[in-house]
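Q: I am attaching a structure below and will ask some questions about it afterwards.
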Amino acid sequence: MNAEHYESSVTRTPEQIVKSLDSDRSPRNIRACLPHADRTYFDKDFRQAMAKATEELDLGPVNELLAHWWHMARMKASGEYEDLLDQAARLQDQIESGEYIPGRPLRDVIDERAAELGVRLDR
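Offset between the sequence shown (1-based) and this note's numbering: plus 249.
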């Protein structure tokens, strides 16, 4: 049996997906909340991480992988991922045209995003 057997045939709204991710961070739920196009990549990454965890008796890489894919699923459900791609494309155009681009320190951006996600950063 594989994860395909657990996929829901019900279409969920972005809000329902985000709520589901916030309440259930299991691999099965993260995968179900990803767009279909990303699930093959998730499966490959997850299997590799689990194989490594079995070899090394260390679940750290699995937990890091799940945190990454949870974040990706949440960003894609909320539209934040597409917004980020659009912003990156605009910035690339500005850079290529030689336009000055004001910005904020990366540490401030990371701290702000971590606060939004309720993540505590170790410094």
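Backbone N, C-alpha and C fix where the C-beta goes; we use that ideal spot for every residue, glycine too. These numbers were taken from a predicted model, which means no experiment stands behind them.
Near Gln-297, which residues of its chain fall below 6 Å by C-beta distance, leaving aside the five closest residues on each side in sequence?
A: Excluding positions up to five away in sequence, the list is empty.
Q: Let's test the definition: count the other Cβ atoms within 10 Å of the Cβ of Ala-326 and tell me whether it reaches 16, buried, or not, exposed.
A: Its Cβ being crowded by 16 or more others within 10 Å, Ala-326 is buried.
Q: According to the neighbour-count rule (16 or more other Cβ atoms, all chains shown, within 10 Å of its Cβ), is Leu-314 buried or exposed?
A: So Leu-314 counts as buried.
Q: Along the chain, which unbroken stretches of the beta strand (DSSP E) at least 3 residues long are found entirely within the region 265 to 313?
A: None, since the region 265 to 313 contains no complete beta strand (DSSP E) of that length.
Q: Please report the residue range of the alpha helix (DSSP H) in which Tyr-330 lies.
A: Run containing Tyr-330: 329 to 345, per the alpha helix (DSSP H) assignment.
Q: Sort Arg-261, Pro-284 and Arg-372 by Cα distance to Met-324 and report the nearest one.
A: Of the listed residues, the one whose Cα sits closest to Met-324 is Pro-284.
Q: Roughly how many angstroms separate the alpha carbons of Leu-340 and Ile-350, rounded to a whole number?
A: Using only the alpha carbons, I get a separation of about 8 Å.
Q: Taking the alpha helix (DSSP H) that Leu-366 belongs to, which residues open and close that run?
A: Leu-366 -> alpha helix (DSSP H) spans 355 to 366.
Q: Pick helix, strand or coil for Pro-263, following the three-state DSSP scheme.
A: DSSP places Pro-263 in helix when its eight states are reduced to three.
Q: With DSSP as the reference, label Arg-323 as helix, strand or coil.
A: Arg-323 falls in the helix class under three-state DSSP.
Q: Indicate whether Leu-270 and Trp-319 have their beta-carbon atoms separated by less than 8 Å.
A: For Leu-270 and Trp-319, yes; Cβs fall inside 8 Å.
Q: In whole angstroms, what separates the C-alpha of Asp-307 from that of Ala-300?
A: Those two C-alpha atoms are separated by around 10 Å.
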